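One rule links them: number in the numbering used here = place in the sequence shown (from 1) + 169.
Below is one structure, written out as structure tokens; comments come after it.
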Amino acid sequence: MEEFNEAIFSCGLADVGFDGPQFTWTNGTVWQRLDRAIANSAWMDTFDVTKVSHLVRGRSDHAPLLIKCGMHKAHSSSFRFLNVWANHSSFMDVVRDAWQVPVQAGGMLGFHQRLSSVKHKLRCWSRQSFGDIFQTVQVAEETLRHCQEEFDAARDDSSRMQLREAQARYARALGVECEYWRQKSAIRWIQQGDANTKFFHSIVKQRRNANFVSRVRDGTGCWLEEEEDIRNSAVQYFEKLLTSDREDRATPSLDFPLPSITAADNMMFQQLPSLQEVKEVVFSMSKDSAPGPDGFGAGFYQECWSIIHRELLEAVQEFFKGAPQPRGFSSALIVLIPKVTGAAKWQEFRPISLCNQSSKIISKVLTNRLNLILPNLISSWQSGFVPGRSIADNILVAQELAQDIDRKLTCPNLMLKLDMEKAYDRVEWSFLIFMLRRFGFQEWGVDLLFRTLSNNWFSLLINGSSAGYFKSSRGVRQGDPLSPALFLLVAEFLGWGMHHLFCQDESRFYVSPGLRVPYLAFADDTLVFTRCSEGGLTSLKTFFDSYQAFSGQKINAHKSCFILSTRASSTHGSMVASTLHFQQQFLPFTYLGAPVFKGRTTCVLFDPLVAKVQARLSHWSSRLLSSGGKLVLLRHVLTSMPMYLLQVMDPPRAVLLRLGKLCNAFLWDKPAGTRGIHWTSWETICFPVAEGGLGFRSFADMCSAFACKLWWRLRKNESLWASFMHAKYVRGKHPIQVTVARPSPTWRRLEGIRRVAENHIRWCVGRGFVDLWYDRWLFEVPLADLVSIPDPPHMLLAEFFDDRGCNVEKLQQWVPAQLVHQIQDIQLFPEQQDRMVWVGSPTGEFATKAAWEVSRLKHNASMLDGFVWTRIVPLKISFFAWKVLRNLIPLETVLQRRGVPLASRCPCCLLEQESLVHLFVKGPVAREVWRSFCQRFGIIDPRFSSVSAMVLAWLTSTSLVSRDHIRTVVPIVILWFLWKARNKALFEGEIFEARRVVSAVDEFVKQLGATARLSAAHFRGDMGDPWIGRCTRPVKRKTAQAVSWSRPPWQHVKLNTDASVSNKRAYGGGLLRDSDGQLIFAYYKEFGELDVLLAESTSLLHGLQLCSDLAPGPLLVEVDSKSLVDLLNAGATSNWPLCNTLRRIRALLSSLSAAVSHIFREANASADALAGLRMPSELFCTSLPQLPRGVRARVCLDSREVSSLRWQPG
């Protein structure tokens, strides 16, 4: 089958898909899908919709295929805000004028009326300013073609100017079309690369084709094929689904306790939202998110925030004051997404609500507030949508429990996998209200949440047009940000109820050496862990029935299953099946997209992942991407697809090699299994671009990084999985010492990485509850490695400290004197927790990127490799330059070396062989082109011997060159157009001459300026170049601001500190002054080898220690390091060893009742002058005459509050 798929891909074909039965052939015992329809891109472009139906088999063993194709019926187009409108110069004026039209109401209704006014104005304005986007492109293209013909004939200044104007108009029209299709396709990964309208268009058509409903079975099993019948059937089904059918309104009994929110939580939840809170919500939304019925997406709210923010805040606050949402706010469109391939029943479609952004903003405000409460309400066994919890925990714990399923027990272990049918849509509102009250929400908060549901109106979007309009009486909307949190509050009844049921008889708990885990859930995806006893299962079935009756939920017995121990008898299996009516399944099975298995990790477990990656690579739309687009697709999509699974499983090396080969073959347009040119290996390009790679990350390196992450999470011990592993394996020991006779695959993975990971973990000491011997709380190695004590006992650092500090006598009994001297200077903070720090992370928190850096092989960084990837030119040009520098392009001499029989002759001179150096450097055309631009920029043009030497000469021609400088752009563009001219000469018969190449480069750079990719800022040192005149992006001007040091208030003192680093040596200085600006003390000190931020903090610490000794009075502190101030005020951990210094600074600030604030460097000039003294010895002064002359003058100016100028971007 793999060879068949590769043949389809190599022929540019794709599987069309199907509806109806999954299999098309059977011999009575084996069922397969052998018959399928495939099509090429031309077919897809011709027909908007192509559908294949598997019909019923007759006497044949094959099912007939019915292929339907056609065009979408034209529907009345609904309004949809286009993000590209915001780039038009008159857009804001149109919106402002429409927004200011008087309306008859305020609040939510008034906001909706203003949106309607804006919608009407934008419709008219769009027709006048943009017209038909596609027709504009066609006209611009035709005009450009005409201007090119005139220029080729005349070659005068007038025709050249007309050609440039036509090129600019065409570029703008293409840009508008590209943004239109980008927004419709909702592709968020391709933020860079070249504009590929055809690719975006293909994605839209692909999605449209996949979601098109050509026929469906109704409730009686009959096929419906007429569009009107399909629409009516859909409305009937989903209206019934979203209508409550509960007749019994009895209050459910709750025989178990639930957590409750606090009075402070209730107060926080009910407060009126501020403008800042609403703004943060608006700008956190994706601009390309699908709009609701009113047509306005988040892009409108963000672009027009300055116009609409007051009325929006008024509308949101009106809702919080008790007003119901009007229909204009609460209406939503339901789009139907197939859950399975070949969906043929309405149950097989997932209804997603496209809500109005105005309604989503209210929901998002409530969600953000609920997220602060949920971790205290939701049990640890539920990880879905709870901040700080991870879906990986469920998978990892499930895999651990699967290892213990076959324990020898009287009542065997049993797993139940529950399938909730339309879980979100079946939530009974009365049960939700009941749960909210039991969780302690006050009536005002209950009403606030209920009003987000009580007036919801829906229309269905079927094949591009809306159908029906009905109001719901149950369910929470999938697509509403608030819905997951509300569902979790309902589902907690099930979770806590099962736990309470198992606690009544502990023999019902699943037997495992770790913690007792009654169930694992991610929203509605639930795994229950219990035992196979008839009484226990009968009680569980009774509880399931009562939960379904009260909550409206429905457990789909046909899709739910049970997994039984292999030690269980057939009687046990029959008993489970007859009691619960579930189907039996066997290990391995899939849970949350990952296999749950017992035993070794095998290649077979990763077959679905490999198939998924291969299918995405092989899709015909991917063939429409340029080389730059492929780079982005690989970087952001395809290489990230396996990462989810690699976090929880350690695949065999063969799987990683297979994935690498698939990605590499896609990059080089080489179908897997063929003998096409394999330009370079995957391992070669899996390096950062500055190190000569393409920015990919090796799958093996990422496996190691994820293993480090698992070790970090185990050591932090703040998750369900970590607690489980500690209970099962660690059992009070230090994890680095644990040995296990029969480890699970996950523990074996941890054992393989723990030495590497532990080398990069440090402890920022708080209470001192860290292991004395094996944790790294002071030294770069564990204390056990410095002390010759065999198998030291478990001891905590805090045991050697008391209220007076370090107990030196006790410590000397265990530690040599030279180490005691260093340890006794440590300060404990009893009110603070010990914090783990990952070395190499700027924040101190674990980062996968930081772990990847320590896991991978490194190459030396190169200026040439780093500068090639400039952001100014399209990515495909940078990629081409990268290939040229490595001779990875299909030159005839290169093809000869790779076994392709060709007679090589250079197309530029027809004399020499075509080689890399000849074509791009030494050939007559190349020499003339380089000479032309070298003269333009004043670069000496010696005879270079390689492409690298030529490009490097441009990059080093001035000290002002940066990655986006014009002198970086020009050589890359020259290489690109030399190659294009070579190809046109070779394959189209055009003349290969320098004049054409120079003109093409010149026009291209001018287009970069006209499209705002280039600005005058990219011409530093070359401001006289004529290309600057074509740059349309405005240069940010710098403005001057007067700043000065200010004296502290009366009876207060102010400490100013600063630091400098020179030749890796750190120096610090500071001074304390009174309310008259008079000096109290000043200091200067060298601190050794420190980085800048650590030097700043060490200098501040030294100054605070001096203040603490003097006790000068109410203290203000100022530093010019914004990063340091933010770290101190945020209470962040930061990196090692800065974290320890920050804790000591915070302790001193607290004891001195002082606060630290930021000051501009120009106003901190006295401290800056002290830090820059570079004196060989320390300095401490208590009077002005003792200071060096330059510092003394600066202090005198400060005392008079003389201002200095600060230049900053305008």
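Don't be surprised by glycine CBs; every beta carbon is placed ideally from N, CA and C.
Computed from a prediction, not measured in an experiment: that's the story for all the values here.
Query, Result
"Best match in Val934, Cys872, Leu919 and Met964 for proximity to Asp940 [C-alpha to C-alpha]", "Met964"
"Identity of the residues DSSP links to Lys237 by a beta bridge", "Lys220"
"Beta carbon of Leu1241 nearer than 9 Å to that of Cys1200", "no"
"At least 3 beta-carbon pairs within less than 8 Å: the stretch 215 to 230 vs the stretch 257 to 274", "no"
"Rounded separation between Phe1329 and Asp434 - CA only", "39 Å"
"Lys577 burial status per 10 Å Cβ neighbour count (16 or more: buried)", "exposed"
"Where Cys1200 falls: helix, strand or coil (DSSP)", "coil"
"Validate contact between the stretch 572 to 587 and the stretch 725 to 736 using beta carbons, cut 8 Å, 3 pairs", "yes"
"Rounded straight-line distance, which links the Cα of Phe260 to that of Glu472", "10 Å"
"Opening and closing residue of the beta strand (DSSP E) in which Trp626 lies", "Trp626 to Ile631"
"Ser548: CB within 8 Å of a non-hydrogen atom of the ligand ATP", "Among the ligands in the structure shown, none appear at all, so the ligand ATP cannot be discussed."
"Opposing strand residues paired with Lys1254 [DSSP bridges]", "Gly1237"
"Buried or exposed by the 16-neighbour rule on C-beta atoms within 10 Å, applied to Arg558", "buried"
"Closest by C-alpha distance to Asn1386, when choosing among Ile602, Gln440 and Asn632", "Nothing in the structure corresponds to residue 1386, since the chain is present only between 170 and 1379."
"Spatial neighbours of Glu569 in its chain, beta-carbon cut-off 6 Å, leaving aside the 5 residues before and after", "Ser913"
"Option in Glu927, Ile1135, Gly1068 and Leu1155 with minimal Cα separation from Lys1175", "Ile1135"
"Extent of the continuous beta strand (DSSP E) run through Ser809", "First-last for Ser809: undefined, no H or E at that position."
"When Pro520, Leu411 and Tyr813 are compared against Gly762, the one with the closest alpha-carbon", "Tyr813"
"Among His315, Ala337, Leu1054 and Asp214, the one whose alpha carbon lies nearest that of Phe1173", "Ala337"
"Proximity winner among Pro820, Val779, Ser796 and Leu826, relative to Met810 (alpha-carbon distances)", "Val779"
"Nearest neighbour of Thr420, chosen from Trp598, Val509 and Ser548 [CA to CA]", "Trp598"
"Nearest candidate by alpha-carbon position, reference Leu1374, set Ala869, Ala1362, Ala1332 and Val977", "Ala1332"
"Beta-carbon separation (whole angstroms), Ala1251 vs Leu1356, contact threshold 8 Å", "6 Å"
"Any 3 or more C-beta pairs closer than 8 Å across the stretch 455 to 471 and the stretch 493 to 511", "yes"
"Cβ shell of Cys872 (< 8 Å), same chain only, five flanking positions each side left out", "Leu815, Asp819, Pro820 and Leu825"
"Residues bridged to Leu583 [DSSP beta-bridge criterion]", "Thr699 and Leu733"
"Reference Gly768, options Tyr760, Asp776 and Leu756, closest by Cα", "Leu756"
"Segment limits, alpha helix (DSSP H) that includes Ala255", "Segment: none, Ala255 is in no alpha helix (DSSP H) and carries neither H nor E."
"Assigned exposure category for Lys799 - 16 Cβ within 10 Å defines buried", "buried"
"Close-in-space but distant-in-sequence residues of the same chain around Ile506 (CB under 7 Å, 5 per side omitted)", "Asn380, Phe518, Arg519 and Ile521"
"Outcome for Ala986 when other beta-carbon atoms lying within 10 angstroms are tallied against a minimum of 16", "exposed"
"Asn365 versus Leu828: straight-line alpha-carbon distance, rounded", "Low local confidence applies: a pLDDT of 49 at Asn365 is under 50, so the model's placement there is unreliable, with the coordinate-based value given in what follows. Their backbone Cα atoms lie some 26 Å apart in a straight line."
"Own chain, CB closer than 6 Å to Phe187, minus 5 neighbours either side, in chain order", "Val221, His223 and Gly511"
"Limits of the unbroken alpha helix (DSSP H) element including Trp1123", "Val1116 to Leu1124"
"First through last residue of the beta strand (DSSP E) which encompasses Pro1140", "It is not in any beta strand (DSSP E) - Pro1140 instead sits in the alpha helix (DSSP H) that spans Ile1135 to Phe1156."
"Presumed contact (8 Å Cβ cut-off) between Ile1041 and Arg1182, rounded CB distance", "5 Å"
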